[in-house]
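Have a look at the structure below before the remarks.
In my numbering, the protein residues as written are 9 to 404.
In structure tokens, the structure reads:
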């Protein structure tokens, strides 16, 4: 067996299940799950109808590269959304459809890490655990960069000796779990670091379409590169998904876009990986990327939930509206793990301890006094859960 498998830590939800094991919450309170970032809004009809209307595609093997219509739809969406120069995204060489960002973020490290020399993969802390697992199974050493009180990782504090061995930097903007957005200037500083030390930036942007202000969308990595005059997006690769944007986590549809030279090698890896997207799913994805009306409605629903929940929680807890995404990164009056366990036992509400998303780095575990709350349930359930959390706080 691959010895690197022994380096993998239990997934956060495995740890959460053990934390809750043996506890019998009040039977009169229905369970409310706010621990997993699985959107509960209905999948838009524009997607489901396209899916149903193209079931004949199941009779054909799909190509790893994806159909031209899908790659073109993605290139057009990227250009519109991030205000990129016209025709700067080449659908032929700079876009690859993927079966959700999770598998692509993992596979990317396997393709780009050079095992012939020492390799470090830099990532924020807390983080999406796929980054860590991808690094370890690619034979690399993870380096964790703690986020600050604003939810942003301080990459300026990373020592030069780490950057010298860095081959891949994972960034997540908007962030999971903090919802913090990395600004254009900070993204451009990272691009200059990538030039100086010769590493690739993997920009996980799967929460980019969930934000509070319709006139102020979060910027992206390719946008930052384009504003530097880098139309080739050298060393920059972004990952996007329909799971959060379009409430379609079961569709398993996303894309990777950016540096054509990097994607050429990644496509070669994926050809052997055997992960081509069904042509039926591709047809539904074309419809999804071409439609913004359902995304605007999606953001409205999240705004409604944030407004209602924060009104209930802010009088009793230190909690702020995030820059973007659908999480509350809640500071708890006791350690986050105990908070989550006792909240479940007393109020039948499940949240995720921040420590399950974090590692010890520079003497601290940045999520130890936090829980992550995913406001994915219907608004009535989110309001009910917030009331139960408020009632629980009063018992502490």
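Don't be surprised by glycine CBs; every beta carbon is placed ideally from N, CA and C.
Tell me the rounded alpha-carbon separation between residue 420 and residue 195.
With the chain running from 9 to 404 in the structure shown, residue 420 is simply not present.
Tell me, to the nearest whole angstrom, how far the beta carbon of residue 90 is from that of residue 250; I am working on the premise that it is less than 8 Å.
The beta-carbon distance between residue 90 and residue 250, rounded to whole angstroms, is 17 Å. This is too long to meet the 8 Å contact definition.
N- and C-terminal bounds of the beta strand (DSSP E) containing residue 390:
Segment 387 to 401 is the alpha helix (DSSP H) holding residue 390; no beta strand (DSSP E) there.
With distance defined between alpha-carbon atoms, name the residue in 347, 94, 355, 289 nearest to residue 67.
Nearest to residue 67 by C-alpha distance, out of 347, 94, 355, 289, is 289.
List the whole-angstrom C-beta distance separating residue 1 from residue 284, where the pair is believed to meet the contact cut-off of C-beta under 8 Å.
This structure gives no information on residue 1, because the portion of the chain shown stretches from 9 to 404.
What does the Cβ neighbour count give for residue 104, buried or exposed, with the cut at 16 atoms within 10 Å?
So residue 104 ends up on the buried side.
Residue 158 versus 93, 374, 386, 234, residue with shortest Cα-Cα distance:
Distances from the alpha-carbon of residue 158 to those of 93, 374, 386, 234 put 374 closest.
Three-state secondary structure (DSSP) at residue 163?
Assigned with DSSP and collapsed to three states, residue 163 falls in helix.
Per DSSP, residue 179 forms a beta bridge with which residues?
The partner list for residue 179 (beta bridge, DSSP) reads 211.
Compute the Euclidean distance between the alpha carbons of residue 86 and residue 144, then round it to the nearest angstrom.
In this structure, the CA atom of residue 86 is about 31 Å from the CA atom of residue 144.
Excluding the 5 residues flanking residue 109 on each side, which residues of the same chain have their C-beta closer than 6 Å to its C-beta?
If we look at residue 109 and ignore the five residues flanking it on each side, its Cβ neighbours are 214, 247, 249, 262.
What separation, rounded to the nearest whole angstrom, lies between the Cα atoms of residue 102 and residue 265?
In a straight line, the C-alpha of residue 102 is about 5 Å away from that of residue 265.
Can you tell which of 319, 203, 342, 167 has its C-alpha closest to the C-alpha of residue 378?
Checking every option, the nearest Cα to that of residue 378 belongs to 342.
Helix, strand or coil: how does DSSP classify residue 69 here?
Residue state, collapsed to three classes: coil.
Which one or two residues does DSSP pair with residue 103 in a beta bridge?
The secondary-structure analysis by DSSP pairs residue 103 across a beta bridge with 265.
In angstroms, rounded to a whole number, what distance separates the CA positions of residue 62 and residue 56?
Their backbone Cα atoms lie some 10 Å apart in a straight line.
Just to confirm before moving on: does the CB-CB distance between residue 238 and residue 208 stay below 8 Å?
Going by beta carbons, residue 238 and residue 208 fall outside the 8 Å limit.
Within the continuous beta strand (DSSP E) that includes residue 381, where are the two ends?
Residues 378 to 382.
In the DSSP assignment, what are the bridge partners of residue 358?
Beta-bridge pairing links residue 358 to 41.
Candidates 368, 218, 400, 42, of which the one nearest residue 340 by Cα
It is 400.
Euclidean distance between Cα positions of residue 316 and residue 187
When the Cα atoms are used, residue 316 and residue 187 turn out to be separated by approximately 18 Å.
Spell out the partners DSSP gives residue 339 in its beta bridges.
DSSP output for residue 339 lists 378 as bridge partner(s).
Helix or strand or just coil, what does DSSP make of residue 62?
Coil, per DSSP.
Residue 32, enclosing beta strand (DSSP E) - first and last residue:
Neither: residue 32 is in no beta strand (DSSP E) and is coded neither H nor E.
Could you tell me whether the Cβ atoms of residue 148 and residue 118 are closer together than 8 Å?
Contact: no.
Cα-Cα separation between residue 16 and residue 94, rounded to whole angstroms:
The alpha-carbon of residue 16 is positioned some 43 Å away from that of residue 94.
Looking at residue 163 and residue 170, is the spacing between their C-beta atoms short of 8 Å?
Taking 8 Å as the Cβ cut-off, residue 170 and residue 163 do not qualify as a contacting pair.
Do residue 4 and residue 267 have their C-beta atoms within less than 8 Å of each other?
This structure cannot speak to residue 4, because the chain is shown only from 9 to 404.
Could you give the distance in angstroms between the alpha-carbon of residue 23 and the alpha-carbon of residue 100?
If you take the alpha carbons of residue 23 and residue 100, they lie about 42 Å apart.
Straight-line Cα distance separating residue 21 from residue 318:
Per the coordinates, the alpha-carbon of residue 318 lies some 25 Å from the alpha-carbon of residue 21.
The alpha helix (DSSP H) enclosing residue 168, as first and last residue numbers
Element bounds for residue 168: 168 to 173.
State the beta-bridge partners of residue 247 as determined by DSSP.
212, 264, per the DSSP bridge assignment.
Could you tell me whether the Cβ atoms of residue 112 and residue 120 are closer together than 8 Å?
No, the pair does not count as a contact, with Cβ atoms beyond the cut-off.
Under the three-state reduction of DSSP, which class applies to residue 133: helix, strand or coil?
Strand at residue 133.
Assign residue 151 to one of three DSSP states: helix, strand, or coil.
Residue state, collapsed to three classes: strand.
Confirm, please, whether the CB-CB distance from residue 51 to residue 256 is below 8 Å.
It is a contact, given that the beta carbons lie within the stated cut-off.
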